[in-house]
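Below: one structure, written as structure tokens.
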Amino acid sequence: MMQAQDITVKYGRTTVLDNVDFAAEAGQLTAIVGPNGSGKTTLLKAMTGEIPASGETTLQGRAISQMSPTELATQRAVLPQSGNIAFPFTVLELVRLGLTSGLASHDPTHQETLPLKALDRVGLRGFEGRLVQELSGGERQRAQLARVLVQIWEPTLNGTPRWLFLDEPVSALDIGHQLVVMQVARDFARAGGGVVAVMHDLNLTAMFADHVYLLDRGRVRASGTPKSVLTDTDLSACYGCALRTNTPPPHGGPWILPQATSSHQEATL
Ligand SMILES: Nc1ncnc2c1ncn2[C@@H]1O[C@H](COP(=O)(O)OP(=O)(O)OP(=O)(O)O)[C@@H](O)[C@H]1O
Ligand SMILES: [Mg+2]
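Mind the numbering: the sequence shown is residues 1 to 269 in my numbering, read in order.
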């Protein structure tokens with residue numbers, strides 16, 4: 001289990017996250033949704049130790065502040081929201097960076113095959129020699145995901161769950177690759193790891209998440225199953241537009257449709 005308690009982040013005098021409590025179970029995909037600027041990326045960065053925050057985050061009961069960078073890198077991997085790289089790496093070189101940061105294995109055969117397996121998982125086999133800067137936006141996003149997967153390829157290490165933190169992993173992807181990547185995330189969770197993913201697509205969230213946190217201006221407005229959180233009232237008020245939740249077959253989960261004809265005022269009534 002991962003837990004974060006009383007997470008508060010301030011930039012200058014502005015409180016961006018206000019006493020947020022968060023918990024995610026291994027074996028599950030936990031999504032964080034909310035409007036632009038609601039604090040999703042900040043929460044992810046606070047919980048992965050990338051930015052200072054008051055409060056405490058634990059992985060399997062251990063405070064991340066007590067873990068060395070090397071230990072943290074073996075326990076969790078982070079896909080940032082924007083993964084631009086400054087150097088002219090090839091795709092294979094980029095993905096191999098995950099091997100060193102996660103100390104995945106000292107076995108040379110494993111070191112050789114793992115990046116290729118990860119590229120295969122994200123549909124990029126054959127792209128090994130391409131320069132990352134010359135990829136399309138969606139290809140680049142999937143190459144970054146392959147790097148992150150390589151870091152913690154096995155979802156558990158000596159029986160302990162490892163954690164994937166993904167900030168908008170499908171934001172640049174076409175619908176087919178969105179499904180591929182969400183399935184990769186769910187498979188990681190089903191194999192015993194934990195996944196925390198920031199999402200904008202509410203319907204993909206409803207399809208794939210086991211648990212959802214809805215952030216609103218730096219606070220948790222609702223958390224629970226997709227069905228309990230993705231409601232007309234909370235979503236419309238939070239996003240400032242009229243949204244209607246249905247439960248069409250076949251999957252029977254919530255399905256959210258924007259109500260294009262409604263005005264902003266109607267949405268917030
Ligand atoms: N380094 C920073 N300095 C000052 N303010 C910041 C900084 N980073 C983020 N913010 C502000 O904190 C708030 C939350 O930002 P955050 O990036 O967490 O939002 P988000 O929910 O991830 O939004 P988006 O959906 O656009 O990615 C925003 O108002 C943002 O302008
Ligand atoms: Mg963000």
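All C-beta atoms in this analysis are idealised placements derived from N, C-alpha and C, irrespective of residue type, glycine included.
C-alpha distance - residue i paired with residue j, whole-angstrom precision
i, j, result
"residue 254", "residue 199", "15 Å"
"residue 119", "residue 136", "15 Å"
"residue 176", "residue 182", "10 Å"
"residue 31", "residue 185", "11 Å"
"residue 67", "residue 208", "31 Å"
"residue 196", "residue 239", "21 Å"
"residue 206", "residue 15", "29 Å"
"residue 161", "residue 188", "10 Å"
Simplified DSSP state of residue i, which is helix, strand or coil
i, result
"residue 127", "coil"
"residue 27", "coil"
"residue 65", "helix"
"residue 211", "strand"
"residue 162", "coil"
"residue 267", "Per-residue confidence for residue 267 stands at a pLDDT of 49, beneath the threshold of 50, marking its modelled position as unreliable; the derived number appears in the next sentence. Reduced to three states, the DSSP call for residue 267 is helix."
"residue 188", "helix"
"residue 224", "strand"
"residue 54", "strand"
"residue 217", "coil"
"residue 292", "What is shown of the chain runs 1 to 269, which leaves residue 292 out entirely."
"residue 148", "helix"
"residue 44", "helix"
"residue 74", "helix"
"residue 157", "strand"
"residue 79", "strand"
Residues sharing a beta bridge with residue i, DSSP
i, result
"residue 10", "15"
"residue 258", "243"
"residue 3", "23, 58"
"residue 195", "29, 164"
"residue 143", "Note: residue 143 sits in no beta bridge, so no partner."
"residue 90", "131"
Expected contact under 8 Å - CB spacing of residue i and residue j to nearest Å
i, j, result
"residue 132", "residue 140", "6 Å"
"residue 34", "residue 215", "3 Å"
"residue 203", "residue 256", "6 Å"
"residue 142", "residue 124", "6 Å"
"residue 130", "residue 90", "6 Å"
Residue i beta carbon near ligand 4 (any heavy atom closer than 8 Å)
i, result
"residue 41", "Judged by which ligands are present, ligand 4 is missing from the structure shown, whose ligands are ligand 1 and ligand 2."
Counting Cβ pairs, one atom from each stretch, are 3 or more of them under 8 Å apart for the stretch 215-231 and the stretch 8-25? yes
Three or more beta-carbon pairs under 8 Å between the stretch 49-63 and the stretch 3-18, yes or no? yes
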